[in-house]
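Visitor: Quick one: structure below, then a few questions.
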Amino acid sequence: MKYPNIDSYVGKRITIFGANRSGIAIARLLFDLGAIISLTDTRDSGALAEEISQLDGLQLQYYLGGHDASCIAKAELIIVSPGVPLDIPILVEAKNRDIPILGELEISASLCQARIVAITGTKGKSTTTLMAAAVLEKSNLFSSVVVAGNIGVPLASIVATLTKTDIVVLEASSFQLESTNTFCPEVSVVLNFSQDHLDRHNTMESYFNAKRKICVNQTESEWIVLNASDQVVMGLNKDTDAKKAYFTDNLENGEKELGLLCQRLASRTGARLRNDADNIGIYTFRDNHEHWICNTAEMPLVGAHNVRNALASAVIGTIYDVNPTDIRKAILEFNRTHPALGHAFEKVSVINGVDYINDSKATNVLATYAALESIKVSTNLNENTKRVFLIIGGFDKGNDYETIIELVYTTVKILILLGEHTQNIQKKLAGCAEMYHAASMSAAVEFAHSQATQGDIVLLSPANASFDMYSNYKERGEDFRRVVKSLET
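Numbered per my numbering, the sequence shown spans residues 36 to 524.
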């Protein structure tokens with residue numbers, strides 16, 4: 036296969052930091068292109084046996100069990116996996132030596148012949164990525180529609196199979212975007228923005244600057260899709276020359292809001308909600324044509340957050356001139372079977388009339404807000420009918436719980452604080468609901484089971500990372516499932 040920019044890597048000495056999926060994939064790709072590869076990781080060869088086995092037969096230099104200074108001694112380029120912070124001492128030293136430091140996404144995109152739709156945001160990236168891919172697949176406009184990126188498939192692992200007639204729908208995290216320089220998707224999408232990952236980015240400004248890299252290289256030939264109801268997201272209007280498209284779930288003022296916005300910014304492409312009699316409908320518009328897509332009540336995915344995901348997906352389809360009927364089919368036929376959607380507001384069981392919902396993937400406050408908002412809207416809760424037992428807590432990444440105070444007050448019967456690091460939650464949410472401390476998932480679920488009555492909801496939506504007690508959010512979610520299933524017998 037003939038790649039663009041291939042001459043940039045032939046014979047070049049490249050050190051890759053991080054032997055995770057992205058690191059392994061980019062190592063194999065660049066080795067095949069003639070680069071001289073070194074791979075370094077803080078884990079030793081025993082812990083990385085499975086990962087290293089994927090590189091059997093390749094002549095690579097390994098620096099394992101730590102980042103020895105010799106791993107950058109001859110490096111002409113450093114590639115970092117998303118999980119590797121850019122401020123570790125060895126990378127600071129590399130920067131001082133003027134060794135370029137780039138991410139797997141930057142390199143893979145530079146080698147990609149296919150069109151790229153890149154989606155970022157604090158919440159909803161995975162669902163929107165998969166739903167947008169489903170919309171584009173319905174169109175039959177492309178030889179293939181491929182999902183990649185933060186959703187679990189590194190772009191590096193598939194770029195060799197892609198042609199100019201394919202399209203990639205890419206979930207892009209801040210960790211991936213911060214190490215890009217020239218990345219320029221054909222369509223960029225920014226869903227929302229709220230406080231998260233301050234343990235990595237330190238400040239909200241730094242976090243936002245990483246996100247904004249999704250669009251800063253775009254020109255008038257490309258598109259950006261923005262959430263018109265998120266004022267921080269709308270700040271990106273001035274940061275890119277891309278053509279603008281918008282979506283909003285502001286039902287009361289959405290039409291007026293979008294109309295004025297599109298007039299001011301010379302855009303007439305987007306999606307909004309409209310109240311038609313007793314139905315709330317999703318509508319797309321392009322130039323002077325508006326099309327009904329579906330009613331929100333028809334959607335298989337419940338919750339206000341999923342309505343926003345559908346609006347964004349519909350805009351992407353509109354940009355590519357997908358028939359509105361096909362957009363409708365894609366949204367209404369969308370299901371949750373992809374592994375990336377596991378542990379995201381999934382109903383595990385109903386026991387004695389009590390719903391048990393696993394939302395372990397809610398690793399930030401915005402995700403927990405979305406879960407509580409969906410419950411409140413779908414069940415018409417008020418402070419006199421609180422039904423939620425909220426299991427919350429974990430590794431705090433610098434969270435701001437102010438945004439969920441009202442929702443906790445109006446929906447949560449008891450806050451179950453999981454683990455030992457819940458002081459910040461206690462302080463911020465004091466007085467919003469009764470609190471109970473649980474040292475383990477078993478204790479948390481069993482307490483909720485003993486207190487909940489018919490019509491109540493036991494919701495695991497931690498608003499935090501899992502690293503205080505688990506290796507990842509999936510393991511945490513599996514533990515919740517295990518305990519709930521044990522109560523069924």
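The beta carbon of each residue, even a glycine, is placed where N, CA and C say it ideally should be. Small disclaimer: the values here were computed from a predicted structure and weren't measured.
Can you check which of these residues, G512, A397, G81, A54, is closest to M476 by C-alpha distance?
Guide: By one-based count along the sequence shown, residue 476 stands at place 441. Closest option to M476, Cα to Cα, is G512.
Visitor: CA-CA distance, K37 and K109?
Guide: For this step, residue 37 is matched to residue 2 along the sequence shown. For this step, residue 109 is matched to residue 74 along the sequence shown. Here K37 scores only 44 on pLDDT, less than 50, and its place in the model is too uncertain to base an answer on.
Visitor: Rounded to whole angstroms, what is the Cα-Cα separation between T163 and D265?
Guide: What you label residue 163 is simply residue 128 of the sequence shown in a count that begins at 1. What you label residue 265 is simply residue 230 of the sequence shown in a count that begins at 1. Rounded to the nearest angstrom, the two C-alpha atoms are 17 Å apart.
Visitor: Taking just the CA atoms, how far does D122 sit from T155?
Guide: Reading the sequence shown from its first residue, position 120 is the one you call residue 155. Reading the sequence shown from its first residue, position 87 is the one you call residue 122. Spanning the two alpha carbons is a distance of roughly 23 Å.
Visitor: Take H236 and list the residues in its own chain whose beta-carbon comes closer than 6 Å to its own, dropping the five residues that flank it on each side.
Guide: Counting from one through the sequence shown, the residue named residue 236 turns up at place 201. Low per-residue confidence applies at H236: pLDDT is 49, beneath 50, and the placement is therefore not dependable, though the value from the model is reported in the following sentence. Within the same chain, H236 has close Cβ partners Y242.
Visitor: Please name the residue, chosen from N507, N434, R422, N499, that lies closest to Q486 on a Cα-to-Cα basis.
Guide: To locate residue 486, count along the sequence shown from 1; it is residue 451. With distances taken between Cα atoms, Q486 lies closest to R422.
Visitor: Go ahead and label D514 buried or exposed: buried means 16 or more other beta carbons lie within 10 angstroms of its beta carbon, across all protein chains shown.
Guide: Along the sequence shown, one-based indexing puts residue 514 at 479. Under this definition D514 is a buried residue.
Visitor: Leaving out five residues on either side along the sequence, give the residues of the same chain with a beta carbon under 7 Å from the beta carbon of H232.
Guide: As a working mapping, residue 232 is identified with position 197 in the sequence shown. Residue placement at H232 cannot be trusted, given a pLDDT of 49 that sits under 50; the coordinates are not used to answer.
Visitor: Whose CA, out of I72, P189, D394, A405, lies closest to the CA of Q94?
Guide: By one-based count along the sequence shown, residue 94 stands at place 59. Checking every option, the nearest Cα to that of Q94 belongs to I72.
Visitor: With a threshold of 6 Å on Cβ separation, who are the neighbours of P39 within its own chain once the five nearest residues in sequence on each side are excluded?
Guide: Your numbering for residue 39 matches position 4 in the sequence shown. Unreliable positioning characterises P39 in this predicted model, as indicated by a pLDDT of 47, which lies under 50. A coordinate reading is not provided.
Visitor: Quick test of the definition: if touching needs 3 or more C-beta pairs under 8 Å, does the segment 166–173 touch the segment 76–86?
Guide: Judged by Cβ distances under 8 Å, the segment 166–173 makes no contact with the segment 76–86, as fewer than three pairs qualify.
Visitor: Which value, in whole angstroms, describes the spacing of the CA atoms of E481 and F228?
Guide: As a working note, residue 481 is residue 446 in the sequence shown. As a working note, residue 228 is residue 193 in the sequence shown. Rounded to whole angstroms, E481 to F228 spans 35 Å at the Cα level.
Visitor: When you compare the segment 138–155 with the segment 315–335, are there three or more beta-carbon pairs, one atom per stretch, that lie closer than 8 Å?
Guide: Flag = no, the segment 138–155 and the segment 315–335 do not touch.
Visitor: Would you identify the three-state DSSP class for D390, choosing helix, strand or coil?
Guide: Residue mapping note: residue 390 aligns to position 355 of the sequence shown, counting from 1. Of the three classes helix, strand and coil, the one that applies to D390 here is strand, per DSSP.
Visitor: Beta strand (DSSP E) containing H340: first to last residue?
Guide: For the purposes of this step, residue 340 is taken as residue 305 along the sequence shown, with counting starting at 1. Unbroken run through H340 is the alpha helix (DSSP H), 339–354; no beta strand (DSSP E).
Visitor: May I ask you to report which of helix, strand or coil DSSP gives H232?
Guide: For this step, residue 232 is matched to residue 197 along the sequence shown. Here the model assigns H232 a pLDDT of 49, short of 50, so the residue's position is not dependable, and the following value carries that caveat. Reduced to three states, the DSSP call for H232 is coil.
Visitor: Which same chain residues end up closer than 7 Å to A479 when comparing Cβ atoms and leaving out the 5 residues on each side of it in sequence?
Guide: Here the question's residue 479 lines up with position 444 in the sequence shown. Excluding residues within five positions, the ones whose Cβ falls inside 7 Å are I426, I451, L453, A473.
Visitor: Does DSSP classify F52 as helix, strand or coil?
Guide: The residue labelled residue 52 in the question sits at position 17 within the sequence shown. Three-state DSSP puts F52 in a strand.
Visitor: When the Cα atoms are used, what is the spatial distance from D311 to T445?
Guide: Residue 311 sits at position 276 when you count from the first residue of the sequence shown. Residue 445 sits at position 410 when you count from the first residue of the sequence shown. The alpha-carbon atoms of D311 and T445 are separated by roughly 28 Å.
Visitor: Does DSSP classify K199 as helix, strand or coil?
Guide: Here the question's residue 199 lines up with position 164 in the sequence shown. Here K199 sits in coil by DSSP.
Visitor: Excluding sequence positions up to five away, which residues of its chain have a Cβ less than 8 Å from the Cβ of S501?
Guide: For this step, residue 501 is matched to residue 466 along the sequence shown. Cβ neighbours of S501 beyond the five flanking positions: S395, T398, G429, F430, N507, Y508, E510, R511.
Visitor: Are the beta-carbon atoms belonging to L407 and L442 less than 8 Å from one another?
Guide: Locating residue 407 in the sequence shown gives position 372, counting from the first residue. Locating residue 442 in the sequence shown gives position 407, counting from the first residue. Yes, they are a contact pair.
Visitor: Find the nearest neighbour of I49 within the set S256, N131, I142, L197, judged by alpha-carbon distance.
Guide: Within the sequence shown, numbered from 1, the residue matching residue 49 stands at position 14. For I49, the nearest C-alpha among the options comes from I142.
Visitor: By the three-class DSSP mapping on this structure, what secondary structure does T511 have?
Guide: Your numbering for residue 511 matches position 476 in the sequence shown. Per the sequence shown, residue 511 should be read as Arg rather than Thr. Three-state result, R511: helix.
Visitor: Report the residue from I315, T353, V342 whose alpha carbon sits nearest the alpha carbon of H324.
Guide: Locating residue 324 in the sequence shown gives position 289, where the first residue counts as 1. Minimum Cα distance to H324 is reached at T353.
Visitor: Could you tell me whether any non-hydrogen atom of the ligand GDP is closer than 7 Å to the CB of I125?
Guide: Annotation note on the ligand GDP: not contained in the displayed structure, which lists no ligands.
Visitor: Buried or exposed for Q489, please, with buried defined as at least 16 other CB atoms from any protein chain shown within 10 angstroms of its CB.
Guide: Numbered from its first residue, the sequence shown carries residue 489 at position 454. So Q489 counts as exposed.
Visitor: Just to confirm my understanding: we take I460, look at its own chain, exclude 5 residues before and 5 after, and list those with CB closer than 7 Å. What are they?
Guide: Position 425 of the sequence shown holds residue 460. These residues qualify, in order along the chain: I427, G428, Y436, L452.
Visitor: Could you tell me if V45 is buried or exposed, where buried requires 16 or more neighbouring beta carbons within 10 angstroms of its beta carbon?
Guide: Here residue 45 refers to the residue found at position 10 of the sequence shown. V45 should be labelled exposed.
Visitor: Out of I449, H102, S192, which one is the CA nearest neighbour of L65?
Guide: Taking the sequence shown and counting its residues from 1, one reaches residue 65 at position 30. The residue with the shortest Cα to Cα distance from L65 is S192.
Visitor: Can you tell me whether T445 is helix, strand or coil according to DSSP?
Guide: The residue labelled residue 445 in the question sits at position 410 within the sequence shown. Helix.
Visitor: As a quick exercise: from L176, L137, A144, F52, pick the residue whose alpha carbon is nearest that of D361.
Guide: As a first step, residue 361 is located in the sequence shown; it is residue number 326 there, counting from the start. Of the listed residues, the one whose Cα sits closest to D361 is L176.
Visitor: Return the Cβ separation of S80 and L68 in integer angstroms, given the expectation that the two are a contact with Cβ distance under 8 Å.
Guide: Mapped onto the sequence shown, residue 80 falls at position 45. Mapped onto the sequence shown, residue 68 falls at position 33. 25 Å between Cβ atoms; not a contact.
Visitor: Could you work out which residue in I315, V267, V224 is closest to K279 when comparing CA atoms only?
Guide: Here residue 279 refers to the residue found at position 244 of the sequence shown. Comparing Cα-Cα distances from K279 to each of I315, V267, V224, the minimum goes to V224.
Visitor: Just the Cα atoms here: how many angstroms apart are A144 and I249?
Guide: The count along the sequence shown starts at 1 and reaches residue 144 at position 109. The count along the sequence shown starts at 1 and reaches residue 249 at position 214. Each residue's alpha carbon lies about 12 Å from the other.
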